[in-house]
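Presented below is the structure to which this report refers.
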Amino acid sequence: MMTSVSRSTDVADDGAQFVRVAERERAAVAFTLDGRPAHALAGDTVLTAILVAQRRVRVSEFSGKPRAGFCLIGACQDCWVRTEAGTRVRACSTPIAEGMRILTGAQPAMTGDAS
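Laid out in structure tokens, this is it:
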């Protein structure tokens, strides 16, 4: 018997998609994800760093729906994200770097006074 699991397609995150269960001794790497501070471990890809922090890699520019990557090996082109400088990077094959400022297509966190 097969069981169907339904997941919300809302962009809101309900926690991390990935959970580290072992090997946590590498150096911490600080980066910014959609305007929020985040941390990864040295050697993580951008995709791993994002999915340890939230449930989706990006928001589709076509449907507005969340995407979590597809092949995870660099073949499908589904994990492209942008840096705040405007550079596109393939999240599954790009190493995370200290100070990286990643945008996933979601609305960035607002800081300061909007008036």
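Heads up: the sequence shown begins at 29 in my numbering, then just goes up one per residue. We treat Cβ as the ideally placed atom computed from N, Cα and C, and that holds for glycine.
Could you tell me the boundaries of the alpha helix (DSSP H) in which A77 lies? Counting from 1 along the sequence shown, the entry for residue 77 is found at position 49. Per DSSP, A77 belongs to the alpha helix (DSSP H) from V74 to A81.
DSSP three-state label for V85, please. Counting from one through the sequence shown, the residue named residue 85 turns up at place 57. Coil at V85, not helix or strand.
Give the straight-line distance between the Cα atoms of V80 and E112, rounded to the nearest whole angstrom. For the purposes of this step, residue 80 is identified with residue 52 of the sequence shown, where counting begins at 1. For the purposes of this step, residue 112 is identified with residue 84 of the sequence shown, where counting begins at 1. The straight-line gap from Cα to Cα measures roughly 20 angstroms.
Name the residue from R84, G114, A70 and S88 whose alpha carbon lies nearest to the alpha carbon of P55. The sequence position of residue 55 within the sequence shown is 27, counting from 1. The sequence shown places Ala at residue 55, not Pro. For the residues R84, G114, A70 and S88, the minimum Cα distance to A55 belongs to A70.
Leaving out five residues on either side along the sequence, give the residues of the same chain with a beta carbon under 8 angstroms from the beta carbon of V47. Here residue 47 refers to the residue found at position 19 of the sequence shown. Correct list, in chain order: V80.
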